[in-house]
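> Take this structure, written in structure tokens, and hold onto it; I'll ask about it next.
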Amino acid sequence: MSAFEAARPRLTGLAYRLLGSWAEAEDVVQDAWPKWAAVAGPGIANPDAYLTTMVTRLALTALDSARVRREQYVGPWLPEPVDTRADPALGAETAEDLDLATLLLLERLSGPERAALVLREAFAYDYACLAEVLGTSEAAARQLVSRGRRALEGQRRQRVDEAQRGQLLAAFVAAAQGGDLAALEAVLVDDAVAISDGGGVVSAARRPVHGAEQVARFVLGVLEKFGQGVRSIPVQANGETAFLAIAEGPEGVEPVALWALDIGDEGVRGVLIVRAPDKLARFAAAALSQIDGPPGRL
1 MSAFEAARPR LTGLAYRLLG SWAEAEDVVQ DAWPKWAAVA GPGIANPDAY
51 LTTMVTRLAL TALDSARVRR EQYVGPWLPE PVDTRADPAL GAETAEDLDL
101 ATLLLLERLS GPERAALVLR EAFAYDYACL AEVLGTSEAA ARQLVSRGRR
151 ALEGQRRQRV DEAQRGQLLA AFVAAAQGGD LAALEAVLVD DAVAISDGGG
201 VVSAARRPVH GAEQVARFVL GVLEKFGQGV RSIPVQANGE TAFLAIAEGP
251 EGVEPVALWA LDIGDEGVRG VLIVRAPDKL ARFAAAALSQ IDGPPGRL
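Encoded structure:
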């Protein structure tokens, strides 16, 4: 296996964290191939480091263009979900900066801050290597990581253990299934937010919904309006349990939405609903193979 193919999963995972789009990440890695083929050889002492630098810089250029497009996006933008069953960390040292809520937060950072934070936290790069990849000094690399962390301070949730996460997830699903407004509101934090991404193609809320009561009412309203004939299956999206809503269409099973929860130790902080068809198609194709028995309703 060539050095490039061996590194592809890691490179794609890196580009995905920087762009929030699997399709764009694959394009960036593919664009790196001819550049690598032109220089590959014994003169490259550390192929992994060279490829990481190349893909990082290509991804940062792509991010500039992506941000221009997102300014014109219809309604809220959410990252494209990915199936992480085969690789829970998507080629990185850890699964840091991979869940949808964190990827959305990373949009607040400048490109260099985002790259520095991702390489440091998910890929365990030391500051000397960071400086080389980003073409800056070691002191400047430290500053980029520090600024990125400060910008997200208080926004990123504390990791919760699987048992606690499972309890909160089960409580949310039970309340939603039962149409119990009070129970649903109780599992949400006071400043919870719900975000729907329809990409301007399908129906979705054009603005985020804020506050526990408002989010609870919104969730139950969505399920009442769009839940008829829709089934949901638990799936692994971005390293965490989410729910893929599906319906029988003219050409068979069609994805309707992906529901992901931002769960902290104090409760459910966010409800992220991906409805944009182009973001669901690839994920659904992989996730539908997870069905084991009849899916239930959310």
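Numbering (the UniProt record's numbering), first residue to last: 1 to 298. Just so you know, even glycine gets a beta-carbon here, dropped at the ideal spot from N, CA and C.
Can you tell me where the beta strand (DSSP E) holding Phe80 begins and where it ends?
The question names Phe, but residue 80 is Glu in the sequence shown. Looking at the DSSP string, Glu80 is not in any beta strand (DSSP E), and its letter there is neither H nor E.
> Taking all protein chains shown into account, do 16 or more other C-beta atoms lie within 10 angstroms of the C-beta of Asp278, making it buried, or fewer, making it exposed?
exposed
> Provide the residue(s) that pair with Gly270 in DSSP beta bridges, ordered along the chain.
Val193, Asp262
> Thinking Leu184 and Arg149 are a contact (beta carbons under 8 Å), I'd like their distance in whole angstroms, please.
So it is not a contact: roughly 33 Å between Cβ atoms.
> Return the residue from the list Pro9, Arg231, Leu169 that minimises the CA-CA distance to Glu248.
Answer by Cα proximity: Arg231.
> Select from Ala3, Ser2, Ser21 the residue whose C-alpha is nearest the C-alpha of Ala281.
Ser21
> Pull up the CB-CB distance for Phe283 and Val82, whole angstroms please, since I reckon it's below 8 Å.
7 Å
> With DSSP as the reference, please indicate the residues paired to Ile233 in a beta bridge.
Note: Ile233 sits in a beta bridge opposite Leu244.
> So Asn238 and Leu98 are supposed to be a Cβ contact under 8 Å. How far apart are they, rounded?
5 Å
> Along the chain, which unbroken stretches of the beta strand (DSSP E) at least 3 residues long are found entirely within the region 88–115?
none
> For Arg85, I'd like the list of residues in its chain whose CB is within less than 7 Å of its CB, leaving aside the five on either flank, ordered along the chain.
Gln236
> Using only the alpha-carbon positions, how far apart do Asp31 and Glu71 sit?
25 Å
> Between Ala205 and the rest of its own chain, which residues show a CB-CB distance below 6 Å, the 5 nearest in sequence each way excluded?
Result list for Ala205: Ser196, in chain order.
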